[in-house]
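Enquirer:
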Amino acid sequence: MALSTLKDRVRAATNPTEPTVEATVTRAADTAQQTSPEELHTSAQGESGPVADVALNWLERYGNEFTKALPSHIDTAAFFTAVRAALPGLVRCTPASLLQALLTCARFGLIPDGRHAVITREGKTATFVPMAQGYVELMYRSGRVGSIHVGMVHEGDEWNYEPTAPAPLDFTHKPALTKSKAERGEPILAYAFAWMESGARSQVIVLTREDAEEIRDEYSKAYQRAQHSGAKNSFWHTDFPAMWRKSALRRLHKVVPMSAELVALLKADDAGDAGEVQVVHAPAGDAQLLDEAETAHDAAEASQDPADAGVRALPRKRVQPKRKPRAARNGRKRSRR
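Under my numbering, think of the first position of the sequence shown as 20, with each following residue one higher.
(1) Any contact of the segment 174–192 with the segment 114–129, i.e. 3+ C-beta pairs under 8 Å?
(2) Taking 9 Å as the threshold (C-beta atoms), are Y210 and G165 in contact?
(3) Using CA coordinates, which residue listed in F147, L122, E79, G142 is at the minimum distance from R134?
(4) On the criterion of 16 or more Cβ atoms from any shown chain inside 10 Å, does D9 qualify as buried, or is it exposed?
(5) When burial is assigned at 16 or more other CB atoms within 10 Å of the CB, is P206 buried or exposed?
(6) Can you tell which of A115, R111, P90, G142 has its C-alpha closest to the C-alpha of A245?
(7) Is the segment 278–288 touching the segment 215–231, taking contact as three or more C-beta pairs under 8 Å?
(8) Near T191, what residues of its chain come up, given a Cβ to Cβ distance below 6 Å and the 5 sequence neighbours on each side ignored?
(9) Mapping the DSSP letters down to three states, classify T50 as helix, strand or coil.
(10) So, with DSSP's three-state summary, where would you put K200?
(11) Do you know offhand how far A101's Cα is from L121's?
(12) Since A151 and R264 are thought to touch, with beta carbons under 8 Å apart, how far apart are those beta carbons, to the nearest angstrom?
(13) Within its chain, find whatever has a CB closer than 8 Å to the CB of R220; leave out the 5 residues flanking it on each side and keep chain order.
(14) Taking the straight line between their C-alpha atoms, what separation do you get for T123 and E181?
(15) Under DSSP, the alpha helix (DSSP H) around K286 begins and ends at which residues?
(16) Do S161 and P260 have their C-beta atoms within less than 9 Å of each other?
(17) V172 by DSSP, collapsed to three states: which one?
(18) Which class does L188 belong to by DSSP, given the choice of helix, strand or coil?
(19) Only counting the same chain, and skipping five residues up and downstream in sequence, which positions put a Cβ closer than 7 Å to that of L117?
(20) Looking at the secondary structure, which residues open and close the beta strand (DSSP E) in which F147 lies?
(21) Taking the continuous alpha helix (DSSP H) assigned at I234, which residues delimit it?
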């Protein structure tokens with residue numbers, strides 16, 4: 020596979036024996052003919068242990084790749100504990116799609132626990148889906164955001180939205196928590212805003228139900244596929260309020276400084292919704308490791324240069340005085356005589 024990014028070229032130059040995540044997924048796809056979803060599920064049913072244990076044993080073949088993919092602050096055991104709980108519903112997925120979805124999740128440093136991220140199955144394809152809390156987690160990691168607020172306004176709540184007023188008077192919300200769910204009423208707005216470390220507050224993102232439905236109908240390929248097939252099992256079908264809040268949170272990227280990692284998460288989320296490969300959008304590793312690799316690569320190239328090699332000044336051309344024509348010289352001689 021061609022090395023298409025600087026990270027891939029640097030990693031190949033400094034550690035040519037280390038396979039890329041893309042190469043790992045390709046290898047899994049090549050072995051899928053020997054380990055089909057049906058065979059994996061059948062063998063799991065024949066084992067004495069539960070289905071999840073057999074599927075987890077299969078994933079442990081790629082333990083090194085997951086160790087390299089997970090950021091240092093994420094415990095590998097906690098990640099695989101969440102994976103094991105999700106595996107019973109994923110054993111019919113193709114091995115390649117399951118591996119790439121989990122590696123994508125790992126590279127973003129999110130645990131597939133249902134709060135930060137979820138691995139879903141559509142047919143035989145596993146897909147990584149970051150949840151609202153996953154977006155919040157990556158916003159905090161950027162170091163620019165001090166706090167994030169995401170909520171729903173119900174019919175019985177007290178609230179006010181005046182975009183032209185100065186913050187924080189432009190938006191206020193007092194939830195009617197003492198009322199019953201019936202008295203509080205249905206949700207009518209989802210909102211999201213962030214306080215920056217500098218003390219400034221972002222613009223408030225407000226989405227009505229109609230706004231959320233327009234986003235769903237226009238942009239969610241997963242919703243369209245589920246609607247067309249009659250399955251109606253997309254997250255927009257099964258948990259509309261959560262997707263409503265997530266949509267408001269995603270729109271914060273227009274008004275809040277975003278890290279490269281968060282931009283990549285948006286692209287991976289959209290790729291999964293469209294049924295495309297997601298791992299190509301995942302971070303290739305910690306930025307510190309990349310910097311070290313680039314430094315090592317530069318040092319390796321410099322060590323191959325000759326010791327006395329340097330930038331030499333171009334030789335200066337000596338300018339000779341312009342000689343006069345012979346006739347002029349002869350005339351001068353006659354005058355001297």
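Even for Gly, the Cβ is constructed at its ideal location relative to N, Cα and C.
Expert: Reading off the structure:
(1) no
(2) no
(3) Closest by C-alpha distance to R134, out of F147, L122, E79, G142, is F147.
(4) This structure cannot speak to residue 9, because the chain is shown only from 20 to 356.
(5) buried
(6) G142
(7) no
(8) N179
(9) Because T50 sits at a pLDDT of 46, beneath the cut-off of 50, its placement in the model cannot be relied upon, and the point is left open.
(10) Helix at K200.
(11) 11 Å
(12) Confirmed, about 5 Å.
(13) A186, P187, F212, A213, W214
(14) Cα to Cα, the separation comes out at about 40 Å.
(15) 279–292
(16) Not closer than 9 Å, so no.
(17) strand
(18) coil
(19) L109, A145
(20) 144–149
(21) Where I234 is concerned, the enclosing alpha helix (DSSP H) starts and stops at 228–238.
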